[in-house]
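If you read the protein sequences in the order shown, they are chains U and S.
If you count the first sequence from 1, position 69 lands on 1556 in our numbering, and the numbers rise without skipping.
If you count the second sequence from 1, position 57 lands on 1544 in our numbering, and the numbers rise without skipping.
Ideal Cβ positions, reconstructed from N, Cα and C, are used throughout, including at glycine.
Here's the structure we're looking at; comments come further down.
There are 2 protein chains.
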Amino acid sequence: MSDTTEVPEDECLAVWCAGDDWCAVTCAMDVIGKKWHPVIIHRLLRCDELRFNELSDEVDGITNKMLSQSLDDLEEKELVDRTIVSEKPVAVEYSLTERGRSLERVIDSLEQWGKTHLQPPESEVESA
Amino acid sequence: MSDTTEVPEDECLAVWCAGDDWCAVTCAMDVIGKKWHPVIIHRLLRCDELRFNELSDEVDGITNKMLSQSLDDLEEKELVDRTIVSEKPVAVEYSLTERGRSLERVIDSLEQWGKTHLQPPESEVESA
DNA sequence: CGGTATCCTCATTGATACTG
DNA sequence: CAGTATCAATGAGGATACCG
């Protein structure tokens, strides 16, 4: 029951794209194309579950606001799960949902392309 | 001389991302993550070569300015080739470069994901 | 710890009109 | 046909501070 018809009724994901040709790429980009989404997903893909601050540390450069906002959006899109681990000393853990994990191929091809065609600065990263 | 070391000296593609972890996904997104880039590349992937107006018609919703601007950016990033077909009645054709074509996997996985998880509105597209 | 709230900036996008 | 110029709007993103 998870690969036949994934789209909920309240889901508006498909709406803003349903123009002349539907365009799945544009839609997909609208979902994961936000500035911080790809990295966040990428990290979650590798670490399985992370706390807010761990994520904040992992992503590097992201502000609380953007992390929170991105996570919020990702949750709303059912790509990320938010789990309260502890109430008293507030502790929350973020992980990918099934749907989120399904993005692995996308993120992976993106990463692959980046590594192949953008050239990692492994040998000249210390110049800055 | 086109598949050994693809990165030109003036190329700043790798620069803005060379932070703490390099992050290929973020870099890749910076290249193709612009609003219209994915669709344009997608069309070019399917049509091989298109004129400015054909593209303008294909993309649907894009303005001259954005198309021109996107194409310009794509050219600068060496993803798209601009070929002047005719001088007098100005005619230009756009096509993907090798590098641009290398994005096929990315665009494809993006499209695949979109189609699988965002559900094309084929059966309810006429409600609007 | 895990966020929110506020304010501010500037980049992206768009509409419209004009041109070689 | 294939753009460019200009102006304006929008909103994404960032800095900082505060909260339960």
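Tell me, to the nearest whole angstrom, how far the beta carbon of residue 1557 of chain U is from that of residue 1529 of chain U; I am working on the premise that it is less than 8 Å. At roughly 12 Å, the Cβ-Cβ gap does not stay under 8 Å, so residue 1557 of chain U and residue 1529 of chain U are not in contact.
Just the Cα atoms here: how many angstroms apart are residue 1591 of chain U and residue 1587 of chain S? Using only the alpha carbons, I get a separation of about 22 Å.
Report yes or no: is there a C-beta of chain S within less than 9 Å of the C-beta of residue 1595 of chain U? For residue 1595 of chain U, the answer is yes, since a Cβ of chain S falls inside 9 Å of its Cβ.
In terms of residues, what are the limits of the alpha helix (DSSP H) holding residue 1543 of chain U? Counting along the chain, residue 1543 of chain U sits inside the alpha helix (DSSP H) bounded by residues 1539-1546.
Quick check on DSSP: helix, strand or coil for residue 1571 of chain U? The DSSP-derived three-state label of residue 1571 of chain U is strand.
Looking only at its own chain, which residues have a Cβ that is under 8 Å from the Cβ of residue 1561 of chain S, when we skip the five neighbours before and after it? If the five residues before and after residue 1561 of chain S are omitted, its C-beta is found closer than 8 Å to the C-beta atoms of 1524, 1527, 1528, 1567, 1587, all from its own chain and listed in chain order.
Going straight from the alpha carbon of residue 1563 of chain S to that of residue 1515 of chain S, what length do you get? Residue 1563 of chain S and residue 1515 of chain S: Cα-Cα distance of roughly 15 Å.
So, using beta-carbon positions, are residue 1577 of chain S and residue 1601 of chain U closer together than 9 Å? No; because the gap between Cβ atoms is not below 9 Å, this pair is not in contact.
Assign residue 1593 of chain U to one of two classes, buried (16 or more other C-beta atoms within 10 Å of its C-beta) or exposed (fewer than that). Burial check for residue 1593 of chain U: the Cβ neighbour count within 10 Å reaches 16 or more, so the residue is buried.
Should residue 1585 of chain S go down as buried or exposed, given a rule of 16 or more other Cβ atoms within 10 Å for buried? Result: exposed.
Proximity to residue 1589 of chain S [Cα-Cα], best of U/1582, U/1583, U/1597: For residue 1589 of chain S, the nearest C-alpha among the options comes from U/1597.
Residues that residue 1583 of chain U bridges to, as DSSP identifies them: The partner list for residue 1583 of chain U (beta bridge, DSSP) reads U/1567.
Whose C-alpha, out of S/1551, S/1536, S/1545, is nearest the C-alpha of residue 1572 of chain S? It is S/1536.
Cβ distance (whole Å) where residue 1565 of chain U is taken to contact residue 1538 of chain U below 8 Å: At roughly 20 Å, the Cβ-Cβ gap does not stay under 8 Å, so residue 1565 of chain U and residue 1538 of chain U are not in contact.
Candidates S/1510, S/1606, S/1582, S/1599: closest to residue 1545 of chain U by CA position: For the residues S/1510, S/1606, S/1582, S/1599, the minimum Cα distance to residue 1545 of chain U belongs to S/1510.
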